[in-house]
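*Asks:*
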Amino acid sequence: MRILVVEDELKVANALREGLQGERYDVVVERTGEGAFFRVTTEQFDAILLDLTLPGRDGLEILKAMRERGIKTPVLVLTARDTLQDRVLGLDTGADDYVIKPFAFAELLARIRALVRRGRAAESPRLTAADLEVNLITRKVTRGGRPIDLTVREFELLEYLLRHQGQVVSRETLARDVWKETARTTPLDNVIDVHIARLRRKLDADQPMKLIHTVRGVGFMLHEGEP
Ligand code: CA
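Quick note: the sequence shown uses the working numbering, first residue 8, plus one each step.
1) Classify glutamate 37: buried if its beta carbon has 16 or more other beta carbons within 10 angstroms, exposed otherwise.
2) For the beta strand (DSSP E) that contains aspartate 53, what are its first and last residues?
3) Pick helix, strand or coil for aspartate 213, following the three-state DSSP scheme.
4) Where do the ends of the alpha helix (DSSP H) carrying valine 159 lie?
5) Are the Cβ atoms of glycine 63 and glutamate 41 separated by less than 8 angstroms?
6) When we look at the beta-carbon of aspartate 103 and count the other beta-carbons within 10 Å, is it buried (16 or more) or exposed?
7) Go to leucine 134, then tell me how far its beta strand (DSSP E) extends in each direction, as first and last residue.
8) How big is the Cα-Cα spacing for arginine 146 and asparagine 21?
9) Bridge partners of tyrosine 105, per DSSP?
10) Measure from the alpha carbon of arginine 223 to the alpha carbon of each residue in Met216, Gly232, Arg178, then state which is nearest.
11) With leucine 85 and aspartate 58 assumed to form a contact (beta carbons below 8 angstroms), what rounded beta-carbon distance in angstroms separates them?
12) Which two residues bound the contiguous alpha helix (DSSP H) that contains isoleucine 69?
13) Would you say the beta carbon of threonine 60 is closer than 7 angstroms to some non-hydrogen atom of ligand 1?
14) Would you check whether ligand 1 has a heavy atom nearer than 7 angstroms to the C-beta of glutamate 16?
15) Assign leucine 61 to buried or exposed, taking buried as 16 or more other Cβ atoms, counted over all protein chains shown, within 10 Å of its Cβ.
16) Just verifying my parser: in three-state terms, what is the DSSP assignment at leucine 229?
17) Among the residues of its own chain, which have a CB less than 7 angstroms from the CB of glutamate 161, if the five just before and after it don't count?
18) Apart from the five residues just before and just after phenylalanine 45, which ones in its own chain have a Cβ nearer than 6 angstroms to its Cβ?
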């Protein structure tokens, strides 16, 4: 279980890291809004603990930008700003729950468990982006209702891109997570590029809205509209 803690106060951040590691969570701490945003767009987490008052981009900005990109990771907002307005604002922006500082650690743990449970329950066997639909049980893929035939590898690649919607996925990540190749002497870059090109031809050709985007020098992103 991987948790991102976004908290600028060193003491609080360290206490959260130690406490959560003690509960066997895998913890990553970011102390700026920019750092947090980079993490959530490039890595997978099971939950995010987000402090609202951060230097630079504040917590609500990060949350809003995340949700706009289609990143649905459950977010528990940590805030000292215990006013009703802030709560409403946070929940409207896409927070899943709130904890007011100072909080009891046991309560925080209970909220995290509930959040992760809800996240799991909400997982459907279907993945979608715009008018693209992928059924993970029947493995049927359609765009605008029109069926698309994919090879096994193309399907796995598409499923991975859909699960990381709005995030940049590098060729190295795809080689590791989709091709499961970690110990090759020659990189799989060409093979990956060929599969991406085929997916694009099947999914995006003749479509006004492209879903698969190249992020120059970094990798690829599946996203509705421009990345
Ligand atoms: Ca703070």
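Beta carbons: idealized from backbone N, C-alpha and C, even for Gly. All figures in this text were calculated on a predicted structure; none of them were measured in a lab.
*Replies:* A quick look at the data gives this:
1) buried
2) Counting along the chain, aspartate 53 falls outside any beta strand (DSSP E), and DSSP gives it neither H nor E.
3) coil
4) 159-170
5) yes
6) buried
7) 133-136
8) Going from the Cα of arginine 146 to the Cα of asparagine 21 covers about 44 angstroms.
9) Val84
10) Arg178
11) 5 angstroms
12) 66-75
13) If you check the C-beta of threonine 60 against ligand 1, you find a heavy atom less than 7 angstroms away.
14) yes
15) buried
16) strand
17) His202, Arg205, Leu206
18) none
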